[in-house]
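Sequence order for the protein chains is A and B. Just so we're on the same page, this note's numbering is the position in the first sequence counted from 1, plus 2. Just so we're on the same page, this note's numbering is the position in the second sequence counted from 1, plus 2. Here's the structure we're looking at; comments come further down.
There are 2 protein chains.
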Amino acid sequence: MKKINTSPISGMQELLPNAQAVFDNIKTKISEVYHAHGYIGIETPTIDRAEILFAKAGGDTEKQVYKVFKTAETADEADEALRFDHTVPLARYVVEHENDLNFPFKATQIGRNFRGERAQKGRYREFYQCDVDIIGRGSLPIAYDADVIATLLDAYKGFLTTPVVARINNRKIVSGLIAALGLVEKSADIYEIIDHAEKVSPETTKKSFEEIGLSENEISKMVAFTNLHGNREHVVSNLKNIKLDNEIFLDGVNELDEVMSLLEAQGLADNITADMKIVRGLDYYTGTVFEFNLPEHKEIGSVGGGGRYENLASNFTDQTLPGVGGSIGLTRLFFVLNSNNLIDTTTGKLIDYEIVPISENENGFALDLAGQLRAEGYVVDVVLTDKKLGDKLTYAAKIAKNGIVVGESEVETGKLKIKNFETGETSDLELV
Amino acid sequence: MKKINTSPISGMQELLPNAQAVFDNIKTKISEVYHAHGYIGIETPTIDRAEILFAKAGGDTEKQVYKVFKTAETADEADEALRFDHTVPLARYVVEHENDLNFPFKATQIGRNFRGERAQKGRYREFYQCDVDIIGRGSLPIAYDADVIATLLDAYKGFLTTPVVARINNRKIVSGLIAALGLVEKSADIYEIIDHAEKVSPETTKKSFEEIGLSENEISKMVAFTNLHGNREHVVSNLKNIKLDNEIFLDGVNELDEVMSLLEAQGLADNITADMKIVRGLDYYTGTVFEFNLPEHKEIGSVGGGGRYENLASNFTDQTLPGVGGSIGLTRLFFVLNSNNLIDTTTGKLIDYEIVPISENENGFALDLAGQLRAEGYVVDVVLTDKKLGDKLTYAAKIAKNGIVVGESEVETGKLKIKNFETGETSDLELV
């Protein structure tokens, strides 16, 4: 009988062994793809100085950060906290180790981050982020934005059974348009309306533009712009046709054109689309922005994203460090895929061979045999309980694909039989 | 110029990319060995209820635990904290998910734990523990103790370049001896003296026994016992020769005999030794205890250990859950191996091929070529900077083993040359 509540605290993922194995496999596959694309694994501490973490946070983020204490203090005095993303620790890492790194520095971080937000379905307080970032010193050509997008697409393809598409935009296009229309002081509101356009009806979007005081003409331009999406040629030619004489706007269009062209050159045309609705809420993105969606499962929404930031570590150093990065929020994604039956977490026994000694006398032989099978690359376990043979076999069949019974005669003759628990078939074991 | 202190907080490990790669490789190897031995990976939240974590802690451990807060509170009111080991969350996990697990349940946990102890060289406040545990329901045969020790030995052999030895004891032997000598009320002191015997001179140990009031005769018995170590036959026969009529003592000797016999049956005789000095400080071990040492580097001390606990989760449930577990403290071990030059963290470029487009016009071709090489299993990166060719090649040679220059003629003819940056040799690239 349970004496106390042993459930994990709310907002935490805790999986049963088979689901955990599927989760871990996905994490490993993502990591392998990131490394294959030349990103170097780094790991920063979970706990960092509050002054580092809060240098960039503020607002809601700061409220959500977990502060840590060792002795009785109040939260106001706390000078250490749990990291809430990988970007801030990356900035600290790059500044701290600048002289030991080669730039452009391509880094990947896969680990747990923490936000103490109100727990709700599919939202986690502790969650895995799988990040790639490329940091330049002084400058970083736009071509690297394509590198990040291609890498993430490759990572998704490693475990998804449904197509994935990167929806790409460039914030310079939006901000250039806003500037050309003379709406700079309404910039923050406009970004927010575009960011929400997908979640509300076209009427609501129109009304929102009205409410911030845009004219009929401005609204129709903004609505047409927000709805523009499609392949590179379609979107780029439409944008160029606007004939907007704004340098930032044209710069953004050219960058979008180049990033998408480089992705097409890698055979990724079917996995990319330009979409003016993608602006990404975060303030620090300054150029390319992108989000990944599953077109056959639109209800799932974004499964990851990222973008370009002109200066990673302006709070920590005078050195200009432009970067581009992207992230897969694996904990949430796993939950969503799982609840949409897009991954199978029920099947798959993790043990190849379960060796079943008939009595204790065969335990030593069984353990030695297990070592030989492991040397051949198999996952092998030995039933060492003192139960009846029938009980041992029941246990073996539950957790393993195959069983090998070892009794006196097997030890004597060395002749062993494998029972396949799925088919019931028996075959001779031949050791290499 | 740096604006603020960007070093990680003291007591945290933060590695440069090459050292991180070596660290990650070791972690992966340990995980692979654990899985090959039939241990199933589980992962518990970093943050847990204080009432769960403190159920077993107390004393120094409780003082070292990091408490976490989201809003202004004092530490006394905190009801959540960071886990300080894997054993307490495992106990919670097993009780919570009991009906979904198969017993004996063989679990592995590899992750970060936290202790806010005073930072000192080689001691970390955040550290990786690589654990294996086997939990029984009601009972768990002693043979499983051998399973854990064999698994850890196999894991060490996967990355150590120096021999490793498991020093094995059984606390029933010590406690039986103490009972037979009528010294039960001095039990805690005696355990502590034995535990420290290795770190002090024989005279100091003798004096310590004197100070707690042992007679000349008792001291000579305890000293002789403490010094007893060697192979199974030697130690077991010596212990049996004491002819101590105490059931617990005899039980301990037989268990030690069986555990070591099962390890010998797997060809591990050279990697094990019986040693009465090993008692392990922790209160909750009740039978087998073991510690791993590197005989050629005695100065390093223990590199891991574990033991048998009769009841994993007595604070959480009335169900008896005996277990045996072991752990490699990877963060400390990595530091120690590194500072003793037992691993090489300086060499090894992580990128197989760096593709160097001469101008931006070749970027697309280069990215596509990179994809083809990745499909063959290589780690491939493309230099996308707008620097001069010489600068691009310098960068490539720094981070990659081989370089492939792509210019107009290469794009036209498809004929590509690989330059090995280590040997300076050039060869033709042949795509499969």
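Glycine is no exception: its CB is placed at the ideal position from the N, C-alpha and C atoms. Just so you know, these numbers come straight off a predicted model, no measurement behind them.
Range of the contiguous alpha helix (DSSP H) that encloses Q22 of chain A
Walking along the first sequence from the start, residue 22 of chain A turns up at place 20. Unbroken alpha helix (DSSP H) run through Q22 of chain A: P19 to A38.
For L335 of chain A, tell me which candidate among A:P19, A:S9, A:I32 and A:E364 has the shortest Cα-Cα distance.
Taking the first residue of the first sequence as position 1, residue 335 of chain A is located at position 333. Cα-wise, what sits closest to L335 of chain A is A:I32.
Restricting to Cα atoms, I'd like to know which of B:E187, B:E424, B:G392 and B:L344 is closest to G350 of chain B.
Here residue 350 of chain B refers to the residue found at position 348 when the second sequence is read from its first residue. Nearest C-alpha to G350 of chain B: B:E424.
Enumerate, from N- to C-terminal direction, the unbroken alpha helix (DSSP H) stretches of 4 or more residues contained entirely within the stretch 358-392 of chain B.
365-377
Assuming E89 of chain B and G327 of chain B are in contact, meaning their beta carbons sit under 8 Å apart, how far apart are those beta carbons, in whole angstroms?
Position 87 of the second sequence, counted from the start, is the residue given in the question as residue 89 of chain B. Position 325 of the second sequence, counted from the start, is the residue given in the question as residue 327 of chain B. The amino acid at residue 89 of chain B is misidentified as Glu; the sequence shows Thr. Yes, they are in contact, since the Cβ atoms of T89 of chain B and G327 of chain B sit about 7 Å apart, within 8 Å.
Would you mind telling me which residues of chain B sit closer than 8 Å to H37 of chain A, beta carbon to beta carbon, in chain order?
In the first sequence, the residue the question calls residue 37 of chain A occupies position 35. Within 8 Å Cβ-Cβ: L352 and V381.
Would you mind sorting E98 of chain A into buried or exposed? The rule is 16 or more other CB atoms within 10 Å of its CB.
Numbered from 1 along the first sequence, position 96 holds the residue referred to as residue 98 of chain A. Result: buried.
The ligand ADP heavy atom lying under 7 Å from the CB of D354 of chain A
The ligand ADP is not part of this structure, which contains no ligands at all.
Exposure label - T164 of chain B; buried when at least 16 CB within 10 Å
By 1-based counting over the second sequence, the position of residue 164 of chain B is 162. Burial call: exposed.
Chain-ordered neighbours of V97 of chain A on chain B, where CB pairs are closer than 7 Å
Locating residue 97 of chain A in the first sequence gives position 95, counting from the first residue. Within 7 Å Cβ-Cβ: K4 and T8.
Per DSSP, cross-strand counterpart(s) of R51 of chain A:
Here residue 51 of chain A is taken as the residue at index 49 of the first sequence, counted from 1. For R51 of chain A, which the question treats as bridged, DSSP gives the partners A:E82.
Could you confirm whether any beta carbon from chain A is found closer than 8 Å to the beta carbon of I170 of chain B?
Within the second sequence, residue 170 of chain B is the residue found at index 168, counting from 1. No, because no Cβ of chain A sits closer than 8 Å to the Cβ of I170 of chain B.
Tell me which residue opens and which closes the alpha helix (DSSP H) that K242 of chain B is part of.
Position 240 of the second sequence, counted from the first residue, corresponds to residue 242 of chain B. Looking at the DSSP string, the run of the alpha helix (DSSP H) that includes K242 of chain B is R234 to N243.
Is I357 of chain B near V382 of chain B, with beta carbons less than 8 Å apart?
Translated into positions along the second sequence, residue 357 of chain B becomes position 355. Translated into positions along the second sequence, residue 382 of chain B becomes position 380. In this structure, V382 of chain B lies closer than 8 Å to I357 of chain B by Cβ.
So, at 8 Å on beta carbons, what are the nonlocal neighbours of E220 of chain B in its own chain, with the 5 sequence-adjacent residues on each side left out?
Taking the second sequence and counting its residues from 1, one reaches residue 220 of chain B at position 218. Result list for E220 of chain B: L183, L185 and F211, in chain order.
Output yes if chain B places a C-beta closer than 8 Å to the C-beta of L433 of chain A; else output no.
Along the first sequence, read from residue 1 onward, the residue named residue 433 of chain A stands at position 431. Closer than 8 Å: no.
Interface positions of the stretch 289-320 of chain B facing chain A (Cβ-Cβ less than 8 Å), listed along the chain
N317, F318, T319 and D320
Using the beta-carbon count (16 or more within 10 Å), is G392 of chain A buried or exposed?
For this step, residue 392 of chain A is matched to residue 390 along the first sequence. Its Cβ having fewer than 16 others within 10 Å, G392 of chain A is exposed.
From M224 of chain A to H299 of chain A, what distance separates their C-alpha atoms?
Here the question's residue 224 of chain A lines up with position 222 in the first sequence. Here the question's residue 299 of chain A lines up with position 297 in the first sequence. The straight-line gap from Cα to Cα measures roughly 28 Å.
N- and C-terminal bounds of the alpha helix (DSSP H) containing A157 of chain A:
Taking the first sequence and counting its residues from 1, the one referred to as residue 157 of chain A is at position 155. Here the alpha helix (DSSP H) through A157 of chain A covers A145 to K159.
Buried or exposed for K421 of chain B, going by 16 or more other Cβ atoms inside 10 Å?
Residue mapping note: residue 421 of chain B aligns to position 419 of the second sequence, counting from 1. K421 of chain B is buried by the Cβ-count criterion.
My guess is that R376 of chain B and V281 of chain B are in contact by the Cβ rule of under 8 Å, so how many angstroms apart are they, rounded?
As a first step, residue 376 of chain B is located in the second sequence; it is residue number 374 there, counting from the start. As a first step, residue 281 of chain B is located in the second sequence; it is residue number 279 there, counting from the start. Contact flag wrong, Cβ pair sits at about 53 Å.
Return the residues of the stretch 80-91 of chain A that lie within a Cβ-Cβ distance of less than 8 Å from chain B, sorted by chain order.
A80, E82 and L84
Check whether G13 of chain B and R114 of chain B have beta carbons under 8 Å apart:
Counting from one through the second sequence, the residue named residue 13 of chain B turns up at place 11. Counting from one through the second sequence, the residue named residue 114 of chain B turns up at place 112. Not closer than 8 Å, so no.
Please check if any C-beta of chain B sits within less than 8 Å of the C-beta of P324 of chain A.
For the purposes of this step, residue 324 of chain A is taken as residue 322 along the first sequence, with counting starting at 1. No, P324 of chain A lies away from the interface with chain B (no Cβ there is under 8 Å from its Cβ).
In chain A, which residues lie with their C-beta within 9 Å of the C-beta of Y397 of chain B?
As a position in the second sequence, residue 397 of chain B is number 395, starting the count at 1. Within chain A, the residues near Y397 of chain B are N104, F105 and P106.
What would DSSP say about E298 of chain B, mapped onto helix, strand or coil?
On the second sequence, position 296 is the one that residue 298 of chain B refers to. Helix at E298 of chain B.
When you compare the CB of G373 of chain A with every CB in chain B, is at least one pair closer than 8 Å?
In the first sequence, the residue the question calls residue 373 of chain A occupies position 371. True, the Cβ-Cβ gap to chain B drops below 8 Å.
Looking at the unbroken beta strand (DSSP E) that takes in A276 of chain B, where does it start and where does it end?
Your numbering for residue 276 of chain B matches position 274 in the second sequence. Run containing A276 of chain B: I274 to D277, per the beta strand (DSSP E) assignment.
Evaluate contact between the stretch 234-245 of chain A and the stretch 190-199 of chain A, counting only Cβ atoms and requiring at least three cross-stretch pairs below 8 Å.
no
What is the C-beta distance between F294 of chain A and G303 of chain A, in whole angstroms, given that I count them as a contact (C-beta under 8 Å)?
Position 292 of the first sequence holds residue 294 of chain A. Position 301 of the first sequence holds residue 303 of chain A. Between G303 of chain A and F294 of chain A the Cβ distance is about 10 Å, and since that is not below 8 Å, they are no contact.
Just reading off the beta strand (DSSP E) that E128 of chain A is part of, what are its end residues?
Position 126 of the first sequence holds residue 128 of chain A. First-last of the beta strand (DSSP E) with E128 of chain A: E128 to I137.
Assigned exposure category for R310 of chain A - 16 Cβ within 10 Å defines buried
Here residue 310 of chain A refers to the residue found at position 308 when the first sequence is read from its first residue. Buried, by the Cβ-count rule.
Applying the 10 Å Cβ sphere with the 16-neighbour rule, what's the burial state of Q15 of chain A?
What you label residue 15 of chain A is simply residue 13 of the first sequence in a count that begins at 1. With 16 or more other Cβ atoms within 10 Å, it is buried.
What number of angstroms, rounded off, separates the C-alpha of N229 of chain B from the C-alpha of N313 of chain B?
Along the second sequence, one-based indexing puts residue 229 of chain B at 227. Along the second sequence, one-based indexing puts residue 313 of chain B at 311. If you take the alpha carbons of N229 of chain B and N313 of chain B, they lie about 30 Å apart.
Below 7 Å CB to CB, which residues in the same chain sit around V413 of chain B once its five sequence neighbours on both sides are set aside?
Here residue 413 of chain B is taken as the residue at index 411 of the second sequence, counted from 1. Contacts found: E364 and F367.
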